[in-house]
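In the working numbering, the protein residues as written are 450 to 692.
Since the structure comes first, as structure tokens, the remarks are kept for the end.
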């Protein structure tokens with residue numbers, strides 16, 4: 450099995466809230482994509498689900514040696530779930546996926562190989578093409594990406610895509626706040642590491658409904674944007690250390 454006979458080189462961290470219909474097919478896709486490439490583990494974070502997610506995750510953990518489950522007693526949000534999963538991970542390389550099945554794990558091997566082959570690369574960010582969202586959500590994302598790239602100059606067209614591959618130690622250098630996952634390219638660059646983008650094909654959610662709305666994130670996102678801009682502007686020059 451992928452990670453039962455050796456330590457995982459990649460930890461796949463997946464935040465999940467009420468994703469009971471997506472768990473089994475998504476885990477099967479991950480195994481199919483990675484089992485011949487790299488030893489891996491799946492860290493599934495149940496973020497306060499109130500459907501059958503907990504039972505299905507427990508069954509998957511019992512039947513698959515590479516699955517580990519962490520649970521929040523109440524929903525704390527995506528950034529908190531990612532942080533919990535990364536803290537529980539064993540590998541030096543982290544890959545994150547959304548639990549709704551819109552991120553196709555088939556693109557992970559290329560992203561992982563890119564990171565492994567370049568020590569100056571801190572993050573490989575998936576950038577969605579042919580998005581399956583509504584016209585309003587696509588317009589919303591285009592506007593948000595335009596404003597963010599103009600202000601932060603992060604050279605990334607789609608930071609909201611949940612599929613990312615990055616170095617575990619680089620993640621722990623980042624300032625933590627709710628919404629961190631949307632600004633990782635800019636903050637990774639702030640640490641002196643490079644960021645690469647990989648085009649991926651978007652697909653519809655497997656089952657269930659989206660947890661995100663427009664107005665509940667708008668003002669928080671604007672405050673976060675200016676907060677990250679301030680951090681970048683105030684980034685001190687790191688001294689050369691003489692050993």
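Cβ coordinates follow ideal geometry from the N, Cα and C atoms, glycine included.
Given the structure is predicted, the values throughout are model-derived calculations rather than measurements.
DSSP bridge partner residues for residue i (one or two, in chain order)
| i | result |
| --- | --- |
| residue 495 | 465, 520 |
| residue 542 | 459, 616 |
| residue 578 | 650 |
| residue 490 | 460 |
| residue 645 | 573 |
Nonlocal neighbours in the same chain, by C-beta distance under 8 Å from residue i, ignoring five residues either side
| i | result |
| --- | --- |
| residue 642 | 569, 570, 571, 572, 616, 619 |
| residue 539 | 456, 457, 460, 490 |
| residue 502 | 465, 466, 467, 468, 469, 472, 495 |
| residue 522 | 497 |
Residue i, buried or exposed, once every other Cβ within 10 Å from all chains shown has been counted against 16
| i | result |
| --- | --- |
| residue 457 | buried |
| residue 639 | buried |
| residue 530 | buried |
| residue 505 | buried |
| residue 496 | buried |
| residue 548 | buried |
| residue 709 | Outside the displayed span of the chain (450 to 692) sits residue 709, for which this structure offers no information. |
| residue 675 | exposed |
| residue 462 | buried |
| residue 566 | exposed |
CB of residue i within 8 Å of CB of residue j, strictly
| i | j | result |
| --- | --- | --- |
| residue 535 | residue 543 | yes |
| residue 516 | residue 509 | yes |
| residue 558 | residue 486 | yes |
| residue 612 | residue 546 | yes |
| residue 476 | residue 513 | yes |
Element boundaries [alpha helix (DSSP H), containing residue i]
| i | result |
| --- | --- |
| residue 559 | 557–566 |
| residue 504 | 502–512 |
| residue 478 | 472–483 |
| residue 534 | 527–537 |
| residue 639 | 633–639 |
Close-in-space but distant-in-sequence residues of the same chain around residue i (CB under 7 Å, 5 per side omitted)
| i | result |
| --- | --- |
| residue 474 | 550, 655 |
| residue 634 | 572, 574, 603, 605, 608, 644 |
| residue 677 | 601, 632, 635, 636 |
| residue 524 | 466, 496, 497 |
| residue 527 | 464, 630 |
| residue 493 | 463, 465, 506, 516, 518 |
| residue 482 | 554, 555, 557, 558 |
Residues of its chain near residue i, where Cβ-Cβ distance is below 6 Å and the 5 sequence neighbours each way are ignored
| i | result |
| --- | --- |
| residue 673 | 628 |
| residue 648 | 576, 578 |
Residue i at chain D interface by Cβ criterion, 8 Å
| i | result |
| --- | --- |
| residue 563 | No chain D is present in this structure, which holds just one protein chain. |
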